[in-house]
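Be aware that the sequence shown starts at 51, since it is given in this note's numbering, and climbs by one per residue.
Contents: one structure, followed by commentary.
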Amino acid sequence: METLRKMQVLCDYSQYDICDYSTDIKRSDINLPGIYHTIANSCKIPIFKVLMTNKCVFDCKYCINQSKHKFTRLELEVEEITKVFLDYYQKNYVHGLFLSSGIVNSSNYTMENMIEVARILRKDYGYNDYIHLKIVPGASKESIKRAMPLADRVSINFESATPDGLSEISSTKSFKKDILRRFKWIDSMKKKNKKFAPSGATTQFVIGANGETDHEVLASIKSFYKKLNIQRSYFSAFDPVDGTEFENKEKCSSKRTTQLYHAEALINSYKFDVDEIVFNKNGLLSEDEDPKYLSALNMSIFPVEINSAPINELLRVPGIGPKSASKIINIRKKMPFKTVNELKRLGVIVSRAEPFIKLNGDFQASLDKLL
Ligand code: SF4
Numbered sequence: 051m052e053t054l055r056k057m058q059v060l061c062d063y064s065q066y067d068i069c070d071y072s073t074d075i076k077r078s079d080i081n082l083p084g085i086y087h088t089i090a091n092s093c094k095i096p097i098f099k100v101l102m103t104n105k106c107v108f109d110c111k112y113c114i115n116q117s118k119h120k121f122t123r124l125e126l127e128v129e130e131i132t133k134v135f136l137d138y139y140q141k142n143y144v145h146g147l148f149l150s151s152g153i154v155n156s157s158n159y160t161m162e163n164m165i166e167v168a169r170i171l172r173k174d175y176g177y178n179d180y181i182h183l184k185i186v187p188g189a190s191k192e193s194i195k196r197a198m199p200l201a202d203r204v205s206i207n208f209e210s211a212t213p214d215g216l217s218e219i220s221s222t223k224s225f226k227k228d229i230l231r232r233f234k235w236i237d238s239m240k241k242k243n244k245k246f247a248p249s250g251a252t253t254q255f256v257i258g259a260n261g262e263t264d265h266e267v268l269a270s271i272k273s274f275y276k277k278l279n280i281q282r283s284y285f286s287a288f289d290p291v292d293g294t295e296f297e298n299k300e301k302c303s304s305k306r307t308t309q310l311y312h313a314e315a316l317i318n319s320y321k322f323d324v325d326e327i328v329f330n331k332n333g334l335l336s337e338d339e340d341p342k343y344l345s346a347l348n349m350s351i352f353p354v355e356i357n358s359a360p361i362n363e364l365l366r367v368p369g370i371g372p373k374s375a376s377k378i379i380n381i382r383k384k385m386p387f388k389t390v391n392e393l394k395r396l397g398v399i400v401s402r403a404e405p406f407i408k409l410n411g412d413f414q415a416s417l418d419k420l421l
C-alpha cells in the first residue's frame, strides 16, 4: 500500500490519541493526512500527527487498536514517516511532529522506532523545530533517556485517574509500574538537564470509559502536577467502537470534557484546590455552568476589593484571568483603580466580575441578584 494511503488510515486510527478540545488540536484546511494544530509555548502551530502503527499488544478495552480487535493492521517504516514529514515541513504545511504508536512486539521495540525517526530528523537533516514524542507505557529508562534530548515535549497517557480505573480499562497495563514510575523518571531526568523536553511532559485521560468521577480525575491531576511536574492534561470523550469489549457502553458527552478543560485550567493556571470546585452528588461537574462561576457563588470572600485584594483572591473573581490579575497588581501599586472601564481595558470581563468586586469600597453590582 502506498505511503499516503497507509498514513490516511493510521491518522484515522490515531483518533484514540486526539483530544477533543477544538481550540487545542483540530484538522487543518490542507487536505492531506495527519495535519493538525496544537498549542506549544502559547503558540498555535500546525503539526504532523501520526501513529507509526495500529498494531498493539495491549488490550485497552475502549481502543480501536487493542490486541483483540479484528481489523487490518498497518505499519509505517521509519523512512516513510521521515520522508513524508520532511516533504510537509519543506512545503511549510507543518512546523512540528507529534509521533505516537501502538505497541508492536514490545514497548522498547516501539520506542526504538520512534526514537529513530526523531534521531534521523535531528541528526541527519538538522531539523530544529518541534517534536512531541509519545513515551509508551512500560518503556525502559534507557529508551526514555535517549528520547528526552530529541524531544521538545514528551507525554504518557494515564488514560485513567486511578489504578482501579485503569484496571477497569486494561488488564495489561499497570498504573504504578508502567505509567507513574515512567513519569517519575522523566521528572528526574528533566531536573538533571533542562534541555531535555523543554516544553515539558503532558498526559491524557479517556473520560467516561470507566466509572471515574470528575472529582477523582481532577484530584489525581492536582496531585500529578505537584508530584510529577506534569504541564497539562488532555481529555478525550469515550466513544464506543464496534467490535471492542466496550462497544455497548454509553458515549461520553463532549460537554463533560469541555467542562473538565475549564476545571483543569482552574487547577493549573488559577491554582485552585479541588475542594474549591463544585461537583454534584455524583462527583460530576455541571455541564451547563462555568466551574469558576459556580465556585465563586460558593465562596465567602466576595466581594473583593480590587485595589487591595491579594492575587489568589483576584484569581477567584469570574472574568479575571491570570494575565489581568497580574496587571491589576502592577498598576494599582502606582495608581488605584477608580472605574470598571479601567479594568475592561486590561481584559477583565466586567459583566462577569462586577457582582464579585468592590472599587474603593463601592459595590459594583449586587451579588444577591445572582442568587
Ligand atoms: S496501548 Fe492501549 S490505548 Fe494505546 S494503542 Fe494500545 S490498546 Fe490502544
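The C-beta atom is built at its ideal place from N, Cα and C for all residues, glycine as well.
Predicted, not measured: the structure shown is a model, and the values here were computed from it.
Alpha helix (DSSP H) segment containing residue i, residue limits
{"i": "Arg382", "result": "Pro372 to Lys384"}
{"i": "Pro341", "result": "Pro341 to Asn348"}
{"i": "Lys133", "result": "Val128 to Gln140"}
{"i": "Lys408", "result": "Not the alpha helix (DSSP H): Lys408 falls in the beta strand (DSSP E), residues Ile407 to Leu409."}
{"i": "Gln116", "result": "That residue, Gln116, is in no alpha helix (DSSP H); it is neither H nor E in DSSP."}
{"i": "Val400", "result": "Val400 to Ala403"}
{"i": "Arg196", "result": "Lys191 to Ala197"}
{"i": "Val390", "result": "Val390 to Lys394"}
{"i": "Leu226", "result": "The question names Leu, but residue 226 is Lys in the sequence shown. Segment: none, Lys226 is in no alpha helix (DSSP H) and carries neither H nor E."}
{"i": "Pro248", "result": "That residue, Pro248, is in no alpha helix (DSSP H); it is neither H nor E in DSSP."}
{"i": "Arg232", "result": "Arg231 to Lys242"}
{"i": "Gly215", "result": "Pro213 to Ile219"}
{"i": "Thr308", "result": "Ser304 to Asn318"}
{"i": "Thr160", "result": "Ser157 to Arg169"}
{"i": "Leu364", "result": "Ile361 to Leu364"}
Boundaries of the beta strand (DSSP E) in which residue i is found, first to last residue
{"i": "His182", "result": "Tyr180 to Lys184"}
{"i": "Leu422", "result": "Residue 422 cannot be examined here, being either before or after the span of the chain that is shown, 51 to 421."}
{"i": "Arg282", "result": "Ile280 to Ala287"}
{"i": "Arg203", "result": "Arg203 to Ser205"}
{"i": "Ile257", "result": "Ala251 to Ile257"}
{"i": "Pro96", "result": "Cys93 to Leu101"}
Member of the options whose CA lies at the smallest distance from the CA of residue i
{"i": "Ser270", "options": "Ser249, Thr222, Phe208 and Lys94", "result": "Phe208"}
{"i": "Leu334", "options": "Ser350, Cys302 and Leu364", "result": "Cys302"}
{"i": "Tyr175", "options": "Thr132, Thr212 and Asn163", "result": "Thr132"}
{"i": "Glu429", "options": "Gly188, Gly84, Asn142 and Thr307", "result": "Residue 429 cannot be examined here, being either before or after the span of the chain that is shown, 51 to 421."}
{"i": "Glu356", "options": "Ile381, Ser345 and Glu339", "result": "Strictly speaking, residue 356 in this sequence is Ile, with Glu absent from that position. The shortest C-alpha separation from Ile356 is found at Ile381."}
{"i": "Phe274", "options": "Glu130, Ile229 and Lys240", "result": "Ile229"}
{"i": "Leu82", "options": "Ser210, Asn104, Ile95 and Val59", "result": "Val59"}
{"i": "Leu268", "options": "Thr212, Trp235 and Asn298", "result": "Thr212"}
{"i": "Lys305", "options": "Val144, Lys272, Asp264 and Ile185", "result": "Asp264"}
{"i": "Ile317", "options": "Glu339, Asn410 and Ser345", "result": "Ser345"}
{"i": "Arg282", "options": "Gly152, Ile206, Ala403 and Ser156", "result": "Ile206"}
{"i": "Gly250", "options": "Lys173, Ala201, Val354 and Glu339", "result": "Ala201"}
{"i": "Lys99", "options": "Ser151, Lys118, Lys120 and Ser157", "result": "Ser151"}
{"i": "Tyr343", "options": "Phe225, Leu101, Tyr320 and Gly369", "result": "Gly369"}
{"i": "Ile170", "options": "Phe135, Lys227 and Thr103", "result": "Phe135"}
Buried versus exposed, by CB contacts within 10 Å (16 or more), residue i
{"i": "Ile257", "result": "buried"}
{"i": "Ser72", "result": "The pLDDT assigned to Ser72 is 38, lower than 50, so where the model puts this residue is not dependable; a value taken from the coordinates is nonetheless given after this. Under this definition Ser72 is an exposed residue."}
{"i": "Glu93", "result": "For the sequence presented, residue 93 should be read as Cys rather than Glu. That one is exposed."}
{"i": "Ile75", "result": "For Ile75, the predicted structure reports a pLDDT of 45, less than 50, and the residue's modelled location is therefore unreliable. A value from the coordinates is still provided. Its Cβ being crowded by 16 or more others within 10 Å, Ile75 is buried."}
{"i": "Met164", "result": "buried"}
{"i": "Gln140", "result": "exposed"}
{"i": "Leu54", "result": "exposed"}
{"i": "Pro341", "result": "buried"}
{"i": "Thr122", "result": "exposed"}
{"i": "Gly293", "result": "exposed"}
{"i": "Arg395", "result": "exposed"}
{"i": "Pro248", "result": "exposed"}
{"i": "Gly146", "result": "buried"}
{"i": "Glu297", "result": "exposed"}
{"i": "Asn348", "result": "exposed"}
{"i": "Pro360", "result": "exposed"}
{"i": "Glu52", "result": "exposed"}
{"i": "Lys56", "result": "buried"}
{"i": "Cys69", "result": "Interpretation of Cys69 is limited by its pLDDT of 49, a score under 50 that renders its predicted location unreliable; the figure taken from the coordinates is listed afterwards. Buried."}
{"i": "Leu157", "result": "With the sequence shown as reference, residue 157 is identified as Ser, and Leu is not the correct amino acid for it. By the neighbour-count rule (16 or more Cβ atoms within 10 Å), Ser157 is buried."}
{"i": "Met198", "result": "buried"}
{"i": "Met385", "result": "exposed"}
{"i": "Pro405", "result": "buried"}
Problem set entry | Beta carbon nearer than 5 Å to a non-hydrogen atom of the ligand SF4 | Cys106, Phe108, Cys110, Cys113, Asn115, Gln116 and Gly152
Problem set entry | contact_flag[the segment 280-300, the segment 244-260] where n(CB pairs < 8 Å) is 3 or more | yes
Exercise. So does the segment 384-392 actually touch the segment 364-372, counting three or more Cβ pairs closer than 8 Å?
Worked result: no
For this session: Examine the Cβ distances between the segment 104-118 and the segment 220-239 and report whether three or more of them are shorter than 8 Å.
Result: yes
Exercise. Does the count of Cβ pairs from the segment 123-140 and the segment 304-320 closer than 8 Å reach three?
Worked result: no
Exercise. Is it a yes or a no for the segment 165-184 touching the segment 230-240, going by three-plus beta-carbon pairs under 8 Å?
Worked result: no
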